[in-house]
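For reference, the structure discussed in these notes is given below.
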Amino acid sequence: MSDYIKDITDSTFQAEVLDSETAVIVDFWATWCAPCKAIAPILEELAEEFDGKVSFVKVNVDDNQTTPGKYGVRSIPTLLLFKGGEVADQLIGAVPKSQIRELVSKGV
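If you read the sequence shown in numbering that gives the first Met the number 0, its first letter stands for residue 0, the second for the next number, and so on.
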C-alpha cells in the first residue's frame, strides 16, 4: 500500500478521521471498482504533495459497511473531506485531478 494513504476500517474511523487534528480525505472504494482504480494514482500524488497538511485514508466498502452507510455513500468512488470531525465537502465518481486537488485544497 501507500506510504501516504492509510487503509482504515469502521472500527478505526473515529480515531483516524473524526478525531484527527488535520483535515482528512476519505476515499470510499472497492477492489472491483474500475473508476476507483483510475483515481488511485491521483490520490497517491496528492497525498504525497499535501503530506502533513491533509491526511488521506481509504475505506473498503465491501469490508466496512457501517461507515459508508452512515455517510450516505451510494456509489464509489466517493471522496469526503472531513474537517473538525464533520463532512466539509465531497466528490463522487472518477473526476479529473484538478477537481480532486480543489477538494483537497479546501482542507488546508
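Glycine included, each C-beta is placed from N, C-alpha and C at the ideal position.
With respect to the C-alpha of Thr30, the residue from Ile91, Gln98, Ile75, Leu102 having the closest C-alpha is Ile75. With the rule of 3 Cβ pairs closer than 8 Å, the stretch 63-82 counts as touching the stretch 22-42.
The stretch 58-69 makes no contact with the stretch 91-104: fewer than 3 CB pairs, one atom from each, lie closer than 8 Å. Counting along the chain, Ala37 sits inside the alpha helix (DSSP H) bounded by residues 33-48. Taking C-beta separations shorter than 6 Å and ignoring five residues to either side along the sequence, the partners of Phe49 in its chain run Val103, following chain order. Around the C-beta of Ala46, 16 or more other C-beta atoms lie within 10 Å, and the residue is accordingly described as buried. Residue pairing by DSSP places Lys82 opposite Glu85 in a beta bridge.
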